[in-house]
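Worksheet: the structure to be examined is printed underneath.
Numbering (our numbering), first residue to last: 323 to 532.
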């Protein structure tokens, strides 16, 4: 697939690394062009681009920014009509002690309202950057799970194919409004990792009894 990654921080860098390894055609853009160039240079096959027009022709756009920067970042890349946007953001409070949205809406739903022509899918928001960068394999035939939620089959299919191409297990979490559950799950993961001291090499998963 042709994929544009918006953001060159820890998550953006990890996405570019794993997507290029999976054989996708990857472009990366960031507010600081030098950061995008650095990430592209570290991942052969990836290309750094300026924000304007970087989403043109992409099969998917990965929104790898903080929630507060999401709308501006999406507006900067150009027309997103009919484009699948993978939203990985979590609406964390400034002190990281909670979520600024919840119960009756979610970051994903607010982003979808702001870019109504795009097909927004919530995914990867429960995966730490360290886990994404190191890969989905947790040993003993265990793989990290990516939950995805969207209102269109195309958006769900795109997120699932991308996640599985990088080696992740996947679970369909329903419609986009179920991001209201995935975002608190991500916060619980953040609390367990940092507040409870379990570290960032953890990930939530559902298990099924045979």
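Heads up, the beta-carbon is just placed ideally off N, CA and C, and yes, glycines get one too. Since the model is a prediction, treat every value here as computed from it, not as a measurement.
- Taken atom to atom, the span from the alpha-carbon of residue 382 to that of residue 518 is near 35 Å.
- For the pair residue 435 and residue 364, the Cα-to-Cα distance works out to about 35 Å.
- As the crow flies, the alpha-carbon of residue 366 is around 42 Å from that of residue 425.
- C-alpha of residue 526 to C-alpha of residue 421: approximately 18 Å in a straight line.
- DSSP places residue 483 in the helix class (H, G or I) of the three-state scheme.
- According to the DSSP assignment, residue 435 belongs to the alpha helix (DSSP H) that extends over 429-436.
- Every alpha helix (DSSP H) stretch that sits fully inside the region 446-473 and reaches 4 residues is listed by chain position as 451-456.
- The continuous alpha helix (DSSP H) containing residue 508 extends over residues 501-512.
- Residue 451 has its alpha-carbon roughly 25 Å from the corresponding atom of residue 427.
- Of 419, 440 and 340, the smallest CA-CA separation from residue 512 is found for 419.
- A distance of 8 Å or more separates the beta carbons of residue 377 and residue 393.
- Taking a contact to require three or more Cβ pairs closer than 8 Å, the region 459-468 and the region 484-496 qualify as touching.
- Collapsing the DSSP output to three states places residue 385 in a strand.
- In this model, residue 361 and residue 355 are separated by some 10 Å (Cα to Cα).
- Here the C-alpha atom of residue 413 lies approximately 32 Å from the C-alpha atom of residue 463.
- The DSSP-derived three-state label of residue 426 is coil.
- Excluding five sequence positions before and after residue 448, the CB atoms of its chain that fall closer than 7 Å to its own CB belong to 469, 504, 507, 508, 511, 525 and 526, given in chain order.
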